[in-house]
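Visitor: In terms of numbering that gives the first Met the number 0, the sequence shown opens at residue 0 and continues consecutively.
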Amino acid sequence: MIYLDCAATSFQKPGEVLRAYERTLLSASSPGRGSYAPAMRASVAMLAAREAAAAFFNFPDPERVVMTMNATHALNIAIHALAQPGRRAVISGFEHNSVVRPLIASGMELSVAGRRLFDDESLLRDFRILLKGASLAVSTHVSNVFGYVLPIGEIARLCRQEGVPLIVDASQSAGVIELDWHELNCAYVAMPGHKSLLGVPGSGLLLCGQKQGTPLLFGGSGSDSRQKTMPDYYPDRFEAGTQNAPAAAALSAAIRYITKRGRKEIERHEQELCSHMRQLLQNREELQLFCPEGEVQSGVLSFRCSTLDCEEIAARLGEAGICVRAGLHCAPLAHESAGTIATGTVRMSFSPFNTHGEVEAAAAKLIKII
């Protein structure tokens, strides 16, 4: 099998991640729910994950690292905390439904900035205009469909200038593309644990720079049990219910792996694989590749074919043991911006564990299919 769908979930995991998950599953129980040994081991695992994430992202306070089920959960917490029904939110033209749907459900009006792929200038111009009078901004760091790396530092600066709180969706960047809290200095940063952070499904993080907002979920927190309301301090206010200690331990191990191997080295490796695939496919007249001029921006490459439907290509690649994703990728707004809403695209997304040999084999099979 050749797995080229890391933008959905990283399938291959470092061995230490799997061992940390199993070890904690077998030795730990409920964090913050007792002083006996299994409960304490769970609490230690949770704290270690917060500290590892804070250090990795240069975030100042581990207690404000909230553990979530995934990025969707984290984004819903952040949006619920800041949304004002009837007010206006500014989003990029490349957002995932995990941003668009919670904003719509919250009753906010949406203004979309940047409808041109790989065009930072128009994106920033739109943000500069649309932020005036807005009450919230949300932007992805990297498009999950096209691998477009948005100028998130500049977007954050514009938001600070206008006094508009910013939520950053780091689903496709966390773990592989530089993400420094001090550069962003924004309200919230949401991310999954199971993509480029190489953790397990059922894990995610929310870095909270904003003062406490209204919780999304209500229930037991293991603290202040006499109160009928959620605690007013991090992380308990946003962590109702029993937290996933094995997933937290796996995430700590994954961050250690990325740190040891080198985030920049992983980024370089994925870009090289993407560039190699682009070189192998770029002269095929049947294919339209969606990538910027010059160097690739990330380890994601989308394309469509003039002679075959995207879903058919993905299915036939799947039959050959090559795993890619086709369709709208839960991001119709991004496809509208790129002009691919009618057809969708086939997406190949690379991981630290893919090889150039796999790229050549997948490209050869794709060319044979078309």
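Don't be surprised by glycine CBs; every beta carbon is placed ideally from N, CA and C.
Could you have a look at T306 and say whether DSSP puts it in helix, strand or coil?
Guide: Counting from 1 along the sequence shown, the entry for residue 306 is found at position 307. Looking at T306 - three-state DSSP - the assignment turns out to be coil, as it is neither helix nor strand.
Visitor: Bridge partners for M66 per DSSP, in chain order?
Guide: Here residue 66 is taken as the residue at index 67 of the sequence shown, counted from 1. M66 pairs with L204.
Visitor: Flag this pair as yes or no: are the beta carbons of M190 and S170 separated by less than 8 Å?
Guide: For the purposes of this step, residue 190 is taken as residue 191 along the sequence shown, with counting starting at 1. For the purposes of this step, residue 170 is taken as residue 171 along the sequence shown, with counting starting at 1. Closer than 8 Å, so yes.
Visitor: Output the residue ranges of the beta strand (DSSP E) runs that lie fully inside the region 270-337 and measure 3 residues or longer, sorted by chain position.
Guide: You should have 286-289, 299-304 and 324-326.
Visitor: How far does the beta strand (DSSP E) with P191 in it reach, from first residue to last?
Guide: Translated into the one-based positions of the sequence shown, residue 191 becomes position 192. First-last of the beta strand (DSSP E) with P191: Y187 to P191.
Visitor: Which partner residues of T344 appear in the DSSP bridge assignment?
Guide: Locating residue 344 in the sequence shown gives position 345, where the first residue counts as 1. Answer is G326, bridged to T344.
Visitor: Using beta-carbon positions only, say whether T8 and L204 come within less than 8 Å of one another.
Guide: Residue mapping note: residue 8 aligns to position 9 of the sequence shown, counting from 1. Residue mapping note: residue 204 aligns to position 205 of the sequence shown, counting from 1. Their beta carbons are not under 8 Å apart, which means T8 does not touch L204 by this criterion.
Visitor: Which residue marks the beginning of the alpha helix (DSSP H) containing V358, and which one marks its end?
Guide: Counting from 1 along the sequence shown, the entry for residue 358 is found at position 359. Taken as a continuous stretch (DSSP letters only), the alpha helix (DSSP H) holding V358 covers H355 to I368.
Visitor: Can you give me the start and stop residues for the beta strand (DSSP E) that K197 sits inside?
Guide: As a working note, residue 197 is residue 198 in the sequence shown. Lys is not the amino acid found at residue 197; the sequence shown has Leu there. Looking at the DSSP string, L197 is not in any beta strand (DSSP E), and its letter there is neither H nor E.
Visitor: I'd like to check one pair, V64 with A253: are the Cβ atoms closer than 8 Å?
Guide: Locating residue 253 in the sequence shown gives position 254, counting from the first residue. Locating residue 64 in the sequence shown gives position 65, counting from the first residue. Their beta carbons are not under 8 Å apart, which means A253 does not touch V64 by this criterion.
Visitor: In terms of DSSP beta bridges, what is V111 paired with?
Guide: As a working mapping, residue 111 is identified with position 112 in the sequence shown. V111 is bridged to I90.
Visitor: Ignore the nearest five residues each way along the sequence and tell me which others in L0's own chain have a CB closer than 7 Å to its CB.
Guide: Along the sequence shown, read from residue 1 onward, the residue named residue 0 stands at position 1. Before going further, note that residue 0 is Met rather than Leu in the sequence given. Answer for M0: G320 and C322, listed in chain order.
Visitor: In the DSSP output, which residue or residues are listed as bridge partners for Y2?
Guide: Indexing the sequence shown from 1 puts residue 2 at position 3. For Y2, which the question treats as bridged, DSSP gives the partners C322.
Visitor: Provide the residue(s) that pair with S97 in DSSP beta bridges, ordered along the chain.
Guide: Reading the sequence shown from its first residue, position 98 is the one you call residue 97. BP columns for S97 are empty, so no partner.
Visitor: Pick helix, strand or coil for V137, following the three-state DSSP scheme.
Guide: Residue mapping note: residue 137 aligns to position 138 of the sequence shown, counting from 1. Correct three-state label for V137: strand.
Visitor: So C273 and V295 are supposed to be a Cβ contact under 8 Å. How far apart are they, rounded?
Guide: For the purposes of this step, residue 273 is identified with residue 274 of the sequence shown, where counting begins at 1. For the purposes of this step, residue 295 is identified with residue 296 of the sequence shown, where counting begins at 1. Contact holds; Cβ gap of about 5 Å.
Visitor: Less than 8 Å between the C-beta atoms of S348 and A6, yes or no?
Guide: One-based indexing of the sequence shown puts residue 348 at position 349. One-based indexing of the sequence shown puts residue 6 at position 7. In contact: S348 and A6 (Cβ atoms closer than 8 Å).
Visitor: What residues in its chain sit with their C-beta under 7 Å from that of T71, if we drop five residues either side in the sequence?
Guide: The residue you call residue 71 lines up with position 72 of the sequence shown. Result list for T71: S97, in chain order.
Visitor: Is it true that the region 130-146 meets the region 227-236, where meeting means three or more beta-carbon pairs spaced less than 8 Å apart?
Guide: Cβ pair count under 8 Å is below three, so no.
Visitor: As a quick exercise: from S297, A239 and L300, pick the residue whose alpha carbon is nearest that of V73.
Guide: Counting from one through the sequence shown, the residue named residue 73 turns up at place 74. Here residue 73 turns out to be Ala, not Val, going by the sequence shown. Nearest to A73 by alpha-carbon distance, out of S297, A239 and L300, is A239.
Visitor: Within the continuous alpha helix (DSSP H) that includes V43, where are the two ends?
Guide: As a position in the sequence shown, residue 43 is number 44, starting the count at 1. Residues A36 to F55.
Visitor: Give the range of the alpha helix (DSSP H) segment to which V16 is assigned.
Guide: As a working note, residue 16 is residue 17 in the sequence shown. From DSSP, the alpha helix (DSSP H) with V16 extends over G14 to S26.
Visitor: Is it buried or exposed, G174, if we count other Cβ atoms within 10 angstroms and call 16 or more buried?
Guide: Along the sequence shown, read from residue 1 onward, the residue named residue 174 stands at position 175. G174 is buried by the Cβ-count criterion.
Visitor: With DSSP as the reference, please indicate the residues paired to I166 in a beta bridge.
Guide: To locate residue 166, count along the sequence shown from 1; it is residue 167. Paired residue(s): V137 and Y187.
Visitor: From Y256, S134 and D125, pick the residue whose C-alpha is nearest to that of P150; which is it?
Guide: The sequence position of residue 150 within the sequence shown is 151, counting from 1. Checked all of Y256, S134 and D125; the closest Cα to P150 is D125.
Visitor: Going by DSSP, what residue range makes up the alpha helix (DSSP H) through I151?
Guide: On the sequence shown, residue 151 is found 152 positions in, with the first residue counted as 1. Its alpha helix (DSSP H) spans residues I151 to E161.
Visitor: Just grab the DSSP bridge partners of V426 for me.
Guide: Here the chain covers residues 0 to 369 and nothing more, so residue 426 does not appear.
Visitor: Distance, Cα to Cα, I154 vs L123?
Guide: On the sequence shown, position 155 is the one that residue 154 refers to. On the sequence shown, position 124 is the one that residue 123 refers to. Cα-Cα distance, rounded: 7 Å.
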